[in-house]
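In what follows, a structure is listed as structure tokens, so that the remarks can point back to it.
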Amino acid sequence: MTLKERITEDMKGAMRAGEKERLGTIRMALAAIKQREVDERITLDDTQVLAVLEKMIKQRKEAISQFESGGRADLVAKEQSELTVLQAYLPAQLSDAELDTLIAEAVAATGAASIKDMGKVMGVVKAKAQGKADMGVVSARIKQKLS
């Protein structure tokens, strides 16, 4: 079962169970996936669906920080519940040790010696860690390792 099919099945389950908030979030995710498919005239595979979901998760995290600074606890709670539903579709996250190992392997493979080589290392790590790690954290770790 593809990720998109799983999301569709979860939508049906949420409809049957009467879970309105969860249903709304799942429909929003499916709409974003469908929009990308229409825009690019392709059918998305699991990797591309994950990219759409990661973008939505990043938007939710940014909105949460904005609403917290604005003192809007009601909107923070709404975004937090959407974030929880979306994160359920991501694969298991890499541990710190696994991430460090992945970065060390990428540095060795690319022969990176300075911060100028960060793009090469990031490209290798991103291919392996897509959906399994926050790329902002990955970037900070690579920068720390190379400096």
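Taking the numbering used here, I'd label the letters of the sequence shown as residues 1421 to 1567.
Just so you know, even glycine gets a beta-carbon here, dropped at the ideal spot from N, CA and C.
For the region 1527 to 1546 against the region 1449 to 1457, do three or more pairs of beta-carbon atoms, one drawn from each stretch, fall closer than 8 angstroms, so that the two count as touching?
no
Measure from the alpha carbon of Glu1518 to the alpha carbon of each residue in Leu1510, Gly1539, Val1545 and Glu1457, then state which is nearest.
Val1545
Would you report the Cα separation of Leu1566 and Gln1486, rounded to the nearest angstrom?
32 angstroms
Taking Lys1540 as the reference, which of Leu1464, Leu1443 and Ile1562 has the closest Cα?
Ile1562
Answer with buried or exposed for Asp1516, where buried requires no fewer than 16 other C-beta atoms within 10 angstroms of its C-beta.
exposed
Which of helix, strand or coil DSSP assigns to Arg1442
helix
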